[in-house]
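Only one structure is covered here, and it is reproduced in the block below.
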Amino acid sequence: MTFFIRGVGALLALTFTALAVRVLGGDIAGEFFSQIAWAILISTFISMGSNGLIMRESSKLRKVSFYLVFVFILRALKNTFLLSPLFIFLYLYFDVGIYIFLSSIFYSLSQMIYFYYISIGKVNLSYVFFMWVPNIYLSVIIVFFNKSNFMFQYFFSYTLVFCFFCLGIVYFLKPSNDDEKYKFSFENSRSYFIQDIIGQVFNSIFLVIASNFLTSLELSKLALYQKLSSVLNIIISIISLSTFKQSVDSIKENKGHAIDVCNKNAKLLIIFMVLYSVFLYLFWDKLMDIFSIYNMNYYLFLVLMISYLFVGYANSSTLILNTFGKENILRDFSLINFIISIISIFIFGCYLGLEGFIFSLAMSLIIQSLIQRKLLHKFFKKGT
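At position 313 of the sequence shown the residue is numbered 364 (my numbering), and the sequence of numbers has no breaks.
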């Protein structure tokens, strides 16, 4: 069931991207994707590591706690207030509009509760709210109201998601406030925040940088390559996140099970990735006709696909390392890769254009995955 729900979510995200390019045209769609990238990047500063923290803290509680969610919502709103000078600076000097900021706030809040749902085992419900709702809403808006202010609609879509999540806690999860006296810890929040920022190299930072070097049409193509390859990332998270609670329980009994968990998941992932890549190879031209984007090179997608094989190989490593107190070490090694990634994105993107950006993204994913897997083997040896 999880695979179906997440698979439909991936299809809806891809459909939204395809409709944006087809209905709006490459230039307008490229600008829209650039604005979304800004919103997601800013949301990382608002959450300030809350996604990993809320998963860690919720694992200490036995019941669903509305108080825990409330504490983290207040933390995000406090961060928003403290970051207001940054918002003003970006508004004045980078033409980052008000709806981008509003989108970043509600995206941050929604994503935080999304991870909370996952941590308490409500994986399917979290996918429906976080993936289905915004993509269905935005697809309908683009098809029937294509003259609309799209960043306002993007902001409104995640406002809906946040409301659904809050209603879900009240009506479906039956929260208990018995834990109100429990003092939640924000220890190592900086480590989680740095990891989140590093993760944005492969998402929003990448597009923000690319928007300064590529034309709007090239940016649309880049976003489409990312969406096609993000299906692979979704396949990875289907398996790693949906088995998170069971994996943690197993590793608590024997640390050596951590490597077994990753190996078992990696075998399934490789099978799904190869099947997906073969499917795209057979129907590539037909899909591009649907998207109304031409001169898209399948082999550029293949470069990203190969990099995601490495991501699949290390699929559960980050979750396991963070959950068992290795977030600082993971942060330090990931920071090195972050610096390498940013430099390579600028160099290859500047001189090679679209192909350079894709190559640098693939290289960053591979290096990051190898680091994660190496650390997993170091701290979770079999037999320990």
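Cβ coordinates follow ideal geometry from the N, Cα and C atoms, glycine included. Here the structure is a predicted model, which is why all the values come from computation and not from measurement.
Taking only three categories from DSSP, how would you classify residue i?
i: K315; result: helix
i: D146; result: coil
i: G100; result: coil
i: T435; result: Unreliable placement is indicated for T435, whose pLDDT of 48 sits below 50; no coordinate value is reported for it.
i: K337; result: helix
i: A90; result: helix
i: G77; result: helix
i: N348; result: coil
i: A61; result: helix
i: F264; result: coil
i: L440; result: The chain is shown only over 52 to 435; residue 440 falls outside these bounds and no answer can be derived.
i: I151; result: helix
i: L112; result: coil
i: A365; result: coil
i: I164; result: helix
i: I171; result: coil
i: T68; result: helix
Could you spell out the range, first to last residue, of the alpha helix (DSSP H) harbouring residue i?
i: T131; result: 117-133
i: V175; result: Going by the sequence as given, residue 175 is Asn instead of Val. N175 -> alpha helix (DSSP H) spans 174-178.
i: I192; result: 184-195
i: I452; result: Nothing about residue 452 can be read from this structure; the chain reaches only from 52 to 435.
i: L258; result: 255-261
i: G219; result: 201-222
List the whole-angstrom C-beta distance separating residue i from residue j, where the pair is believed to meet the contact cut-off of C-beta under 8 Å.
i: T210; j: F157; result: 5 Å
i: M202; j: Y150; result: 4 Å
i: Y188; j: S154; result: The pair is not a contact, with the Cβ atoms about 13 Å apart (cut-off 8 Å).
i: Y359; j: L427; result: At roughly 18 Å, the Cβ-Cβ gap does not stay under 8 Å, so Y359 and L427 are not in contact.
i: S411; j: G400; result: 6 Å
i: S208; j: L70; result: Wrong, their Cβ atoms sit about 14 Å apart, outside the cutoff.
i: A261; j: L268; result: Actually they are not in contact, since the Cβ atoms of A261 and L268 sit about 12 Å apart, beyond 8 Å.
i: V325; j: A61; result: No, V325 and A61 are not in contact; Cβ-Cβ is about 17 Å, not under 8 Å.
i: F361; j: L421; result: 7 Å
i: A88; j: V259; result: 5 Å
i: F408; j: I396; result: 7 Å
i: Y402; j: F352; result: Going by Cβ atoms, the distance from Y402 to F352 rounds to 21 Å, so no, they are not a contact pair.
i: N102; j: F152; result: Not confirmed; about 19 Å, so no contact.
i: F216; j: S170; result: That belief does not hold up - the Cβ atoms of F216 and S170 are roughly 13 Å apart, past 8 Å.
i: F83; j: L92; result: That pair is no contact at about 15 Å.
i: Y178; j: I56; result: 5 Å
i: S98; j: A127; result: 6 Å
i: G100; j: D247; result: 6 Å
i: F117; j: I256; result: Going by Cβ atoms, the distance from F117 to I256 rounds to 34 Å, so no, they are not a contact pair.
i: Y349; j: L331; result: 7 Å
Got a sec: is the Cβ-Cβ distance from residue i to anything in chain C below 9 Å?
i: K429; result: In the structure shown, chain C does not exist; there is a single protein chain.
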